[in-house]
Every structure is written in C-alpha cells, then in structure tokens.
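Enquirer: Let me begin by handing over the structure; questions about it come next.
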Amino acid sequence: MFKYQPLDLIRKYFGEAIGLYFAWMGVYTRMLVPPSLLGLIVFLYGVLTVNTNVPSQEMCDDSLNFTMCPLCDAVCDYWKLSSVCSLTRASYLFDNGATTLFAIFMSLW
Numbered sequence: 725m726f727k728y729q730p731l732d733l734i735r736k737y738f739g740e741a742i743g744l745y746f747a748w749m750g751v752y753t754r755m756l757v758p759p760s761l762l763g764l765i766v767f768l769y770g771v772l773t774v775n776t777n778v779p780s781q782e783m784c785d786d787s788l789n790f791t792m793c794p795l796c797d798a799v800c801d802y803w804k805l806s807s808v809c810s811l812t813r814a815s816y817l818f819d820n821g822a823t824t825l826f827a828i829f830m831s832l833w
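Oh and the sequence shown: position 101 is 825 in this note's numbering, straight run, nothing missing.
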C-alpha cells in the first residue's frame, strides 16, 4: 500500500512529462494524508460529543414536545420538533466546533 513508485523507470519508459506527472501525484497523495487524518479526528470528536450538544438534546427531548407550524400553506400538517432528532444529531457530526478549526487549518494548508 505504501510502496514508492519507480520514478526513474517511469521516466525512462514514458518520458519526462509522464514521469513528472507520476512524481507530482505521489507528492500530492502523501500531502493529503495529514488533513485526512485530522478530518477523521474531527469527525470522531463529533461522534463522541453528540450527546453533550444542548440544541440536539432539546430537540430530541420528548418531554418538551414542541409543535411546529406547517412547512407549506396547502397540504402540510403540524409536526413535532422531536421528529427531526436524528437529522439534528447527524448534522452535528459534520458541523461542530472542531469543524471550524479544521476549516481554518485547511485554508492555511
């Protein structure tokens, strides 16, 4: 999996342009490893802290039982806020406090 490419052989067989392309792709792929690992850590942070998120807890609490207005004028019915509990938790996994820091890191990367 982490085997280096025989760049000299590629350059001799295909020429300078293709050899340079394969060299660039190797560097580019290696440079994407740290951001991908950090992104995985940020996602795992979201998984570990989803139960401590106050807005998610309030939306998923059945004792509060908020009734929301219809989303359209004609056919839509009233709905309970707790019905979007799973969507709220899923959105927190990808949009938490650590994702802001990850976005800043990626813009500087």
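Just so you know, even glycine gets a beta-carbon here, dropped at the ideal spot from N, CA and C.
Let's see if you can read the secondary structure: which residues bound the alpha helix (DSSP H) around S745?
Expert: Translated into positions along the sequence shown, residue 745 becomes position 21. First, the amino acid is wrong: residue 745 is Tyr here, not Ser. Looking at the DSSP string, the run of the alpha helix (DSSP H) that includes Y745 is E740 to M755.
Enquirer: Excluding the 5 residues flanking C800 on each side, which residues of the same chain have their C-beta closer than 8 Å to its C-beta?
Expert: Within the sequence shown, numbered from 1, the residue matching residue 800 stands at position 76. Excluding residues within five positions, the ones whose Cβ falls inside 8 Å are P794.
Enquirer: Quick one: what's got a C-beta closer than 6 Å to N820's C-beta in the same chain, skipping five residues either side?
Expert: In the sequence shown, residue 820 corresponds to position 96, counting from 1. If we look at N820 and ignore the five residues flanking it on each side, its Cβ neighbours are G770.
Enquirer: Is the distance from the Cβ of Y697 to the Cβ of N777 below 7 Å?
Expert: Outside the displayed range of the chain (725 to 833) lies residue 697, so it cannot be described from this structure.
Enquirer: State the beta-bridge partners of M830 as determined by DSSP.
Expert: What you label residue 830 is simply residue 106 of the sequence shown in a count that begins at 1. Beta-bridge pairing links M830 to no other residue.
Enquirer: Alpha carbon to alpha carbon, how far is Y728 from I734? Give it in angstroms, no decimals.
Expert: Residue numbering aside, residue 734 sits at position 10 when the sequence shown is read from its first letter. Residue numbering aside, residue 728 sits at position 4 when the sequence shown is read from its first letter. Answer to the nearest angstrom: the Cα atoms are 12 Å apart.
Enquirer: How would you call M792, buried or exposed, if buried means at least 16 neighbouring beta carbons within 10 angstroms?
Expert: Here the question's residue 792 lines up with position 68 in the sequence shown. Counting Cβ neighbours within 10 Å, M792 comes out exposed, since fewer than 16 surround it.
Enquirer: Distance check for A822 and N775, CA to CA, integer angstroms please.
Expert: Counting from one through the sequence shown, the residue named residue 775 turns up at place 51. Counting from one through the sequence shown, the residue named residue 822 turns up at place 98. Using only the alpha carbons, I get a separation of about 15 Å.
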